[in-house]
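Okay, structure first, notes after.
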Amino acid sequence: MCGIIGYCGKEEAAPYLLKGLYSLEYRGYDSAGLCVFAPQGMLTVKTAGRVADLQQKWDALPERPFARCGIGHTRWATDGAPTEKNAHPHRVGSVSIVHNGIIENSGALRVELQKKGYVFVSQTDTEVLAALLDEGYQAVGNIPAAIRYAESRVTGSFAVAAMFEPEKDTVWAFRKESPLIAATAPNGNFLASDIFAVSRYTSQYYPLQEEEIAVLRPDGLSFLQKDGTPLEKDPVSILTDSRQAEKGAFPHHMLKEIFDAPDAIRETVAAYLRDGLPSLSLLDPKGFLRRAKRLFIVACGTALNAGKIGKFYFEKLAGLSTYCAIASEFRYDSPILQDGDHFLFITQSGETADTLAAMRMVRGMGFSATALVNTPNSTAVNLADSVLYTRAGPEIAVASTKAYVAQCSLLYLVANAVALYREKINAVAVRENVHALYHDAPICIANLLADREAVRAISQKYCEAPSCFFIGRGLDYSLAEESSLKCKEISYIHCEAYPAGELKHGTIALIEENTLVVAIVSGEMVREKTFSNIREVRARGGKVLLVTDRHAETQVADDLYIVPAKKLFPVCAAVFFQLFAYYGALLRGCDVDKPRNLAKSVTVE
Ligand code: M6R
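By the numbering used here, the letter at position 455 of the sequence shown is numbered 460, and the numbering carries on one by one without gaps.
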């Protein structure tokens with residue numbers, strides 16, 4: 006969601022800015038722009054389209070200036086439509102800025118600044134922030150003071166890169182809540198929203214903290230405290246191998262990432278095993294989970310759906326009462342919290358604003374928080390009291406796939422470790438479970454991947470369905486929720502997940518001739534009950550695709566796919582549904598990796 010890039014060096018800035026913007030595309034955006042210090046002043050080029058359109062516009066300039074410094078941006082529209090006017094950078098007076106985040110009080114500030122003579126050409130909160138910086142700069146002629154002034158006037162979140170016309174060839178950056186990093190490399194100095202924009206040039210970077218200012222010049226990168234005094238910072242190593250972020254021979258990142266699932270499981274699990282058993286001293290070094298009387302899992306989207314699978318394992322295996330909460334709703338609920346409650350926040354990116362806000366809230370209330378994260382050095386890692394890492398590698402496609410598989414796997418492992426500690430199961434049983442996770446599940450998924458043509462054929466049969474219901478009971482329902490999300494977000498088919506037994510309490514009214522229903526059935530306990538629900542659907546003309554873990558009579562459903570997972574059906578069958586959604590979206594001509602309106606990491610609340 007929105008991406009910032011900045012460059013100051015001895016070489017031409019524009020190619021670096023454009024390259025950086027291409028690397029940030031995966032975050033999701035709908036317009037793009039850049040601004041450079043040209044010899045005759047600051048020059049801005051913007052477009053309502055893709056980075057490729059911006060590049061075309063730049064290349065078509067009659068005289069392209071040689072500029073050594075500049076800023077660029079991909080905008081995901083919040084305040085104001087995705088038009089060229091609303092695209093960043095925004096220039097007001099002597100200042101040009103790009104901004105991620107939201108200025109919550111921009112309405113009142115806009116009116117105040119208009120009274121002072123400022124004229125706004127866009128509908129954005131960013132232009133208001135640029136005006137504040139200009140106002141501060143005009144008043145004292147000092148940039149750190151202008152930044153302090155602007156920061157003191159706004160509420161909300163921001164990561165900003167700014168250029169001030171009189172201060173040639175310099176880029177200034179500051180932030181609150183939204184992340185920003187700086188890096189220095191042999192070919193210049195960089196600023197970016199995340200490491201993927203710089204990792205091809207350097208293996209180290211500086212996370213910019215709140216209350217700090219980064220200053221990029223062609224000959225160096227420096228940092229200031231908010232009061233303008235110099236600040237020494239130590240670089241941090243980039244832990245992610247950026248080559249893993251390439252899609253290689255795969256046509257899409259999403260397909261490549263689905264294929265990464267077996268490795269994601271093995272690498273995530275292996276890091277926490279000692280002598281074939283999950284190590285509590287690695288998984289729970291501070292004893293939070295051991296001491297917990299109740300566990301609250303808080304997350305968004307796919308991470309939340311993984312949490313729901315985790316809830317099942319924590320309760321069933323470890324006897325630990327577990328509650329799942331939607332991060333964006335959590336702060337408005339009134340949970341009765343008590344001593345012994347522990348919080349687990351799940352986030353692939355570690356940058357999801359709703360999840361981070363909930364995390365700050367519970368920590369502010371004095372509770373401890375564990376983050377289950379895929380991205381090292383992310384904000385969630387820095388905020389948490391303890392961290393559990395999934396090792397799925399970078400996930401670039403907007404649709405989360407391998408991260409979900411890794412999250413469910415790690416939750417299963419942790420639940421086993423806690424269950425062993427609480428003597429709910431013995432070491433022999435835990436060893437068997439670990440074997441099923443570490444050994445059997447990756448093989449089951451590899452077989453499914455090898456059978457992808459069959460999945461494609463099923464997708465082809467149903468991809469024109471105008472809507473689809475996913476039904477299941479218990480764990481199968483939680484998987485139905487994730488499968489439905491996957492399908493709707495990339496294929497734009499209206500999908501809904503329903504607990505199979507709940508259908509007849511209202512929703513079955515929507516079933517008519519050929520309505521598509523995907524039924525998920527695993528284990529013995531719910532099998533006959535869900536089969537009854539399938540019969541109810543078919544009696545009303547609905548078409549049923551059954552995905553199950555064992556043999557079923559072919560006449561039970563219109564189509565049948567078996568995922569023969571011994572213990573980890575949600576983990577393995579998730580891959581069937583990821584492929585199902587992928588092929589469906591492809592056949593419908595959708596942009597699989599960058600679905601409309603979506604952002605990879607959702608950095609506004
Ligand atoms: O980075 P996070 O795991 O915190 O992201 C949470 C959701 O935004 C994310 O899972 C989203 O639902 C995905 N697009 C689903 O595929």
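Backbone N, C-alpha and C define an ideal beta-carbon position, used for all residues, glycine too.
Residue i - DSSP class collapsed to helix/strand/coil
{"i": "S326", "result": "strand"}
{"i": "K62", "result": "helix"}
{"i": "M168", "result": "strand"}
{"i": "E437", "result": "helix"}
{"i": "M6", "result": "coil"}
{"i": "F179", "result": "strand"}
{"i": "D346", "result": "strand"}
{"i": "N519", "result": "coil"}
{"i": "Y467", "result": "helix"}
{"i": "A422", "result": "helix"}
{"i": "Q119", "result": "helix"}
{"i": "Y12", "result": "strand"}
{"i": "I107", "result": "strand"}
{"i": "T406", "result": "coil"}
{"i": "F301", "result": "strand"}
{"i": "L388", "result": "helix"}
{"i": "F228", "result": "strand"}
{"i": "M364", "result": "helix"}
{"i": "G75", "result": "strand"}
{"i": "E501", "result": "strand"}
Where residue i falls, given that 16 or more other Cβ within 10 Å makes a residue buried
{"i": "P44", "result": "exposed"}
{"i": "Y467", "result": "buried"}
{"i": "T360", "result": "buried"}
{"i": "A266", "result": "buried"}
{"i": "A514", "result": "exposed"}
{"i": "T307", "result": "buried"}
{"i": "K491", "result": "buried"}
{"i": "A408", "result": "buried"}
{"i": "Y394", "result": "buried"}
{"i": "K261", "result": "buried"}
{"i": "H347", "result": "buried"}
{"i": "R427", "result": "exposed"}
{"i": "K313", "result": "buried"}
{"i": "V145", "result": "exposed"}
Beta-carbon proximity list for residue i, same chain, < 6 Å, skipping 5 on both sides
{"i": "T189", "result": "L226"}
{"i": "G38", "result": "K51, H78, A92, H93 and P94"}
{"i": "S472", "result": "H499"}
{"i": "L125", "result": "For clarity, residue 125 is Phe in the given sequence; the question names Leu instead. E132."}
{"i": "A219", "result": "A178, A187, L213 and F228"}
Own chain partners of residue i with C-beta closer than 7 Å, once the 5 adjacent residues on each side are dropped
{"i": "A590", "result": "I495, S496 and V597"}
{"i": "W81", "result": "M6, C7, G33, Y34, D35 and A604"}
{"i": "S183", "result": "N105, G106, S162, F163, A164 and T608"}
{"i": "F71", "result": "E17"}
{"i": "R336", "result": "A362, A363 and M366"}
{"i": "A432", "result": "L282 and L425"}
Top-ranked residue by Cα proximity to residue i, from the options
{"i": "G14", "options": "L59, D174 and G98", "result": "D174"}
{"i": "I270", "options": "A579, R593 and L592", "result": "A579"}
{"i": "V274", "options": "L418, A254 and S99", "result": "L418"}
{"i": "K238", "options": "Q214, L260 and A254", "result": "Q214"}
{"i": "I516", "options": "K493, L480, A150 and A470", "result": "A470"}
{"i": "A422", "options": "S286, D224, A402 and N382", "result": "S286"}
{"i": "A385", "options": "E251, M370, L480 and T357", "result": "T357"}
{"i": "L23", "options": "V531, D64 and C449", "result": "D64"}
{"i": "A311", "options": "S414, P149, E272 and E518", "result": "S414"}
{"i": "F317", "options": "R478, S242, R279 and P240", "result": "R478"}
Residue i: CB within 8 Å of a non-hydrogen atom of the ligand M6R
{"i": "L490", "result": "yes"}
{"i": "S405", "result": "yes"}
{"i": "V607", "result": "yes"}
{"i": "A304", "result": "yes"}
{"i": "E610", "result": "no"}
{"i": "A408", "result": "yes"}
{"i": "V162", "result": "The sequence shown places Ser at residue 162, not Val. Not so, every heavy atom of the ligand M6R lies at least 8 Å from the Cβ."}
{"i": "A308", "result": "yes"}
{"i": "T375", "result": "no"}
{"i": "S198", "result": "no"}
{"i": "T357", "result": "yes"}
{"i": "S354", "result": "yes"}
{"i": "L322", "result": "no"}
{"i": "I401", "result": "no"}
{"i": "E486", "result": "no"}
Short CB-CB distance (under 9 Å) between residue i and chain D
{"i": "H78", "result": "The chain labelled as chain D is not found in the depicted structure, where only one protein chain is given."}
beta-carbon residue i near the ligand GDP non-hydrogen atom, thresh 8 Å
{"i": "L603", "result": "The ligand GDP is not part of the structure shown, which contains the ligand M6R as its ligands."}
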